[in-house]
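In what follows, a single structure is set out as structure tokens and then discussed.
Protein chains: 2
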Amino acid sequence: MRTMNVQDQVLRAALDLFSTRGYATTSVQEIVAAAGVTKGAMYHYFASKDDLLFAIYDRLLSLQKAHLDEIVAAGAERGDGVEDVLRAVCVDVISTSIEFLPEGTVFTRSQHMLMPDRQAEVKRRRREYHEEFEALLLRGIQEGVFRDDVPTAMLIAHFFSDVHYLSQWYSPAGPLTAGQVAEQLTELFLRGIRATGKD
Amino acid sequence: MRTMNVQDQVLRAALDLFSTRGYATTSVQEIVAAAGVTKGAMYHYFASKDDLLFAIYDRLLSLQKAHLDEIVAAGAERGDGVEDVLRAVCVDVISTSIEFLPEGTVFTRSQHMLMPDRQAEVKRRRREYHEEFEALLLRGIQEGVFRDDVPTAMLIAHFFSDVHYLSQWYSPAGPLTAGQVAEQLTELFLRGIRATGKD
DNA sequence: GTTCGCAAACCGACCAGACGGTACGGAGGA
DNA sequence: TCCTCCGTACCGTCTGGTCGGTTTGCGAAC
Chain A
923 MRTMNVQDQV LRAALDLFST RGYATTSVQE IVAAAGVTKG AMYHYFASKD DLLFAIYDRL
983 LSLQKAHLDE IVAAGAERGD GVEDVLRAVC VDVISTSIEF LPEGTVFTRS QHMLMPDRQA
1043 EVKRRRREYH EEFEALLLRG IQEGVFRDDV PTAMLIAHFF SDVHYLSQWY SPAGPLTAGQ
1103 VAEQLTELFL RGIRATGKD
Chain B
923 MRTMNVQDQV LRAALDLFST RGYATTSVQE IVAAAGVTKG AMYHYFASKD DLLFAIYDRL
983 LSLQKAHLDE IVAAGAERGD GVEDVLRAVC VDVISTSIEF LPEGTVFTRS QHMLMPDRQA
1043 EVKRRRREYH EEFEALLLRG IQEGVFRDDV PTAMLIAHFF SDVHYLSQWY SPAGPLTAGQ
1103 VAEQLTELFL RGIRATGKD
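Respectively, the protein sequence lines represent chains A and B.
If you count the first sequence from 1, you need to add 922 to reach the working numbering.
If you count the second sequence from 1, you need to add 922 to reach the working numbering.
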């Protein structure tokens, strides 16, 4: 039973409280109390309340970006078809979003609470993710695998809406497993965007 | 140039500020200043800041529920097929969500800021809407028009994710019209949920 | 048509308290 | 002796909301 370090405890408590009560309505006092530390200790490691919020964003963005890069690289190495790569990407981002559901709640609710420069960084990193995703779509369209009559911007929005909405309806206590949700939402998406001969 | 009444001015300012700056980070002072009234005047008409927030929810929920009932009733009267009715419903809710985009921003961001009883009411009314939507899906499944291998809960989430995500990506200043978005997102959704002979 | 009565509308100074953040000092290892 | 780590007391600011009082609108009385 060794004592966990202050940073971890504080971040854990902050994530929990931000996701359940909201960022603005959670005071620093409540966070440090839940973490079992004092305000002095917390402000020794974090410059501001905003830092705690940004740490949550940073972690999730880094993780999902790393996954994406890895999957795309592995697909390229194996010479997988674009639909298989895209499927793997979709399943992964949905799965990890379920795994980090509280982070997702904070992500959608509290982005506008970040300091402007941090907010800009989050937007930039999301855009990078979307652009890599878009590259797959464009490749699929060029190869005639995906439909070309809907702008990619809308296809991107259509998919990521599912990802962001997860924290609003999915419960691990419910009947559906993370894997089922990932597979089925991915399949709904892919079915919608596949090219068809006529139609 | 007659003076607009206080309620309208205040609600208009509140919607604008809540959607751009967020509920928690907007003070009552800022709202009344933007509305060109005093705090005394505002508190004469509204019991609390929470009232302002709830008014936004109430308006959007009432409007979309009324639309839904109307479309379903009209479809029943004409004896329309279930897919046509569902398509009309989807197009309408997307269109009106675009028309009321700032409300949508507030809706997703600030639901947890409402007083608990108000929050419960919002949840209840959303559930009612979803249940009416689900009834269409179930009818379509029973008639063999829609696929039966995905739980309706997931189909519902899949569709409403698009609706709620609109305020995060759609801009009226962009290249896409509201009508295009409504048509195309609806078609993506319908294509995903249609029953297929094989597959 | 002027005056009166009165309720609704409105004003704005004023709380009590909570908030994020800071100052400062002690402990304890190096 | 110095530096990191952290506890405690405290500060200035801002918040949602209140309250006593004033103004305005308007029907009724004379």
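In this text, a Cβ means the ideal position worked out from N, Cα and C, and glycines have one as well.
- Is the number of C-beta pairs between the stretch 989 to 1001 of chain B and the stretch 1068 to 1076 of chain B that are closer than 8 Å three or more? no
- Which runs of the alpha helix (DSSP H), 4 residues or longer, sit entirely within the stretch 976 to 1046 of chain B? 1004 to 1021 and 1023 to 1032
- Within the same chain, show all residues whose beta-carbon is closer than 7 Å to that of leucine 982 of chain A, passing over the 5 residues directly before and after it, in chain order. As a working note, residue 982 of chain A is residue 60 in the first sequence. Excluding positions up to five away in sequence, the list reads Phe1022, Glu1025 and Phe1029.
- Is the CB of leucine 1098 of chain B under 8 Å away from at least one CB in chain A? Sequence index remark: in the second sequence, residue 1098 of chain B carries index 176 (1-based). With 8 Å as the cut-off, leucine 1098 of chain B counts as an interface residue toward chain A.
- Item | Rounded C-alpha distance that separates valine 959 of chain A from phenylalanine 940 of chain B | Residue numbering aside, residue 959 of chain A sits at position 37 when the first sequence is read from its first letter. Residue numbering aside, residue 940 of chain B sits at position 18 when the second sequence is read from its first letter. Straight-line Cα distance between these residues: approximately 34 Å.
- Excluding sequence positions up to five away, which residues of its chain have a Cβ less than 7 Å from the Cβ of arginine 1031 of chain B? As a position in the second sequence, residue 1031 of chain B is number 109, starting the count at 1. Gly944.
- Task: At 9 Å on the CB atoms, spell out the chain A contacts of threonine 947 of chain B, in chain order.
- Result: In the second sequence, residue 947 of chain B corresponds to position 25, counting from 1. The contacting residues are Ala946, His1034 and Met1035.
- Identity of the residue in A:Ala946, A:Leu933 and A:Ala977 nearest alanine 963 of chain A by Cα: Counting from one through the first sequence, the residue named residue 963 of chain A turns up at place 41. Of the listed residues, the one whose Cα sits closest to alanine 963 of chain A is A:Leu933.
- With burial defined as no fewer than 16 other Cβ atoms inside 10 Å of the residue's Cβ, what is the status of serine 1083 of chain A: buried or exposed? Here residue 1083 of chain A refers to the residue found at position 161 of the first sequence. When all chains shown are included, serine 1083 of chain A counts as buried.
- Query: Pick from A:Tyr967, A:Ala957 and A:Ile1016: whose alpha carbon is nearest that of glutamine 1106 of chain A?
  - Reply: Locating residue 1106 of chain A in the first sequence gives position 184, where the first residue counts as 1. Ranking the options by Cα distance to glutamine 1106 of chain A, first place goes to A:Ile1016.
- Message: Just list the residues that DSSP pairs arginine 1116 of chain B with in beta bridges.
- Response: The residue labelled residue 1116 of chain B in the question sits at position 194 within the second sequence. Paired residues: B:Phe1068.
- What separation, rounded to the nearest whole angstrom, lies between the Cα atoms of serine 1019 of chain A and leucine 1088 of chain A? The residue you call residue 1019 of chain A lines up with position 97 of the first sequence. The residue you call residue 1088 of chain A lines up with position 166 of the first sequence. Straight-line Cα distance between these residues: approximately 8 Å.
- Query: Taking the Cβ atom as the reference point for each residue, do glutamate 1043 of chain B and valine 994 of chain B lie within a distance shorter than 8 Å?
  - Reply: Working through the second sequence from its first residue, we reach residue 1043 of chain B at position 121. Working through the second sequence from its first residue, we reach residue 994 of chain B at position 72. Contact: no.
- Taking C-alpha atoms, which residue in A:Thr942, A:Ala946 and A:Lys971 lies nearest to glutamine 929 of chain A? Taking the first residue of the first sequence as 1, we reach residue 929 of chain A at position 7. Taking only the C-alpha atoms, the option nearest glutamine 929 of chain A is A:Lys971.
- Query: So what does DSSP say about alanine 946 of chain A, is it helix, strand or coil?
  - Reply: If you number the first sequence from 1, residue 946 of chain A lands on position 24. Looking at alanine 946 of chain A - three-state DSSP - the assignment turns out to be coil, as it is neither helix nor strand.
- Item | Contact with chain B by aspartate 1084 of chain A, beta-carbon distance below 8 Å | Here the question's residue 1084 of chain A lines up with position 162 in the first sequence. Chain B, which has a Cβ nearer than 8 Å to the Cβ of aspartate 1084 of chain A, makes this yes.
- Item | glycine 1096 of chain B, buried or exposed, once every other Cβ within 10 Å from all chains shown has been counted against 16 | Residue mapping note: residue 1096 of chain B aligns to position 174 of the second sequence, counting from 1. Exposed.
- Message: Within 10 Å of its beta-carbon, does glutamine 931 of chain B have 16 or more other beta-carbons around it, so buried, or fewer, so exposed?
- Response: To locate residue 931 of chain B, count along the second sequence from 1; it is residue 9. Classification of glutamine 931 of chain B: buried, given that the 10 Å Cβ count is 16 or more.
- Query: Which same chain residues, not among the five before or five after leucine 1098 of chain B, have their C-beta less than 8 Å away from its C-beta?
  - Reply: Taking the first residue of the second sequence as position 1, residue 1098 of chain B is located at position 176. Result list for leucine 1098 of chain B: Tyr1092, in chain order.
- Message: 8 Å is my cut-off, CB to CB: does tyrosine 1087 of chain A come that close to chain B?
- Response: For the purposes of this step, residue 1087 of chain A is taken as residue 165 along the first sequence, with counting starting at 1. Judged by the 8 Å Cβ criterion, tyrosine 1087 of chain A is in contact with chain B.
- Where the alpha helix (DSSP H) through serine 894 of chain B begins and ends: Residue 894 of chain B lies beyond the stretch modelled for chain B, which goes from 923 to 1121, so this question has no answer here.
- Classify valine 959 of chain B as helix, strand or coil using the three-state DSSP reduction. Start at 1 with the first residue of the second sequence, and residue 959 of chain B comes out as number 37. Here valine 959 of chain B sits in coil by DSSP.
- Item | Burial state of glycine 1114 of chain B (16 or more Cβ within 10 Å) | The sequence position of residue 1114 of chain B within the second sequence is 192, counting from 1. Classification of glycine 1114 of chain B: buried, given that the 10 Å Cβ count is 16 or more.
- Item | 7 Å Cβ cut-off: residues of chain B touching phenylalanine 1029 of chain A | Counting from 1 along the first sequence, the entry for residue 1029 of chain A is found at position 107. Chain B residues near phenylalanine 1029 of chain A: none, gap ~11 Å exceeds 7 Å.
- Would histidine 966 of chain A be called buried (16 or more neighbouring beta carbons within 10 Å of its own) or exposed? Numbered from 1 along the first sequence, position 44 holds the residue referred to as residue 966 of chain A. Classification of histidine 966 of chain A: exposed, given that the 10 Å Cβ count is below 16.
- Item | Per-residue DSSP class, three states only, for glycine 1101 of chain B | Within the second sequence, numbered from 1, the residue matching residue 1101 of chain B stands at position 179. Of the three classes helix, strand and coil, the one that applies to glycine 1101 of chain B here is helix, per DSSP.
- Option nearest glycine 1003 of chain A by Cα separation, candidates A:Ile1063, A:Met1035 and A:Ala1100: Within the first sequence, numbered from 1, the residue matching residue 1003 of chain A stands at position 81. Considering only alpha carbons, the answer is A:Ile1063.
- Less than 8 Å separating the beta-carbons of arginine 1009 of chain B and leucine 1110 of chain B? Stepping through the second sequence from its first residue, residue 1009 of chain B is reached at position 87. Stepping through the second sequence from its first residue, residue 1110 of chain B is reached at position 188. Cβ atoms of arginine 1009 of chain B and leucine 1110 of chain B: not closer than 8 Å.
- Taking only beta carbons into account, state which residues of the stretch 1090 to 1116 of chain A come closer than 9 Å to chain B, listed in chain order. Gln1090, Trp1091, Tyr1092, Gly1096, Pro1097, Leu1098, Gln1102, Val1103, Gln1106, Leu1107, Glu1109, Leu1110, Phe1111, Leu1112, Arg1113, Gly1114, Ile1115 and Arg1116
- Query: Which bits of chain A does leucine 1044 of chain B rub up against, with CB to CB less than 9 Å?
  - Reply: For the purposes of this step, residue 1044 of chain B is taken as the residue at position 122 of the second sequence. Strictly speaking, residue 1044 of chain B in this sequence is valine, with leucine absent from that position. The contacting residues do not exist; valine 1044 of chain B stays about 12 Å from chain A at best.
- Coil, strand or helix - alanine 1095 of chain B by DSSP: For the purposes of this step, residue 1095 of chain B is taken as residue 173 along the second sequence, with counting starting at 1. Alanine 1095 of chain B: coil per DSSP, three-state reduction.
- Assuming alanine 946 of chain B and methionine 1035 of chain B make a contact with CB atoms under 8 Å, what is their CB distance in whole Å? If you number the second sequence from 1, residue 946 of chain B lands on position 24. If you number the second sequence from 1, residue 1035 of chain B lands on position 113. Contact flag correct, Cβ pair sits at about 6 Å.
- Message: Could you compute how far the alpha carbon of histidine 1052 of chain B sits from the alpha carbon of alanine 988 of chain A?
- Response: As a first step, residue 1052 of chain B must be located in the second sequence, where it is residue number 130. As a first step, residue 988 of chain A must be located in the first sequence, where it is residue number 66. Rounded to whole angstroms, histidine 1052 of chain B to alanine 988 of chain A spans 36 Å at the Cα level.
- Message: Less than 8 Å between CB atoms is the rule here; does proline 1073 of chain A satisfy it with respect to chain B?
- Response: Taking the first sequence and counting its residues from 1, one reaches residue 1073 of chain A at position 151. True, the Cβ-Cβ gap to chain B drops below 8 Å.
- Message: I'd like to know whether the C-beta of alanine 1079 of chain A is nearer than 8 Å to at least one C-beta of chain B.
- Response: Start at 1 with the first residue of the first sequence, and residue 1079 of chain A comes out as number 157. Yes, alanine 1079 of chain A lies at the interface with chain B (some Cβ there is under 8 Å from its Cβ).
- Give me the Cα-Cα distance between threonine 925 of chain B and alanine 977 of chain B, rounded to the nearest whole angstrom. Along the second sequence, one-based indexing puts residue 925 of chain B at 3. Along the second sequence, one-based indexing puts residue 977 of chain B at 55. Its pLDDT being 47, under 50, threonine 925 of chain B is placed unreliably in this model, and the value from its coordinates should be taken loosely. Going from the Cα of threonine 925 of chain B to the Cα of alanine 977 of chain B covers about 22 Å.
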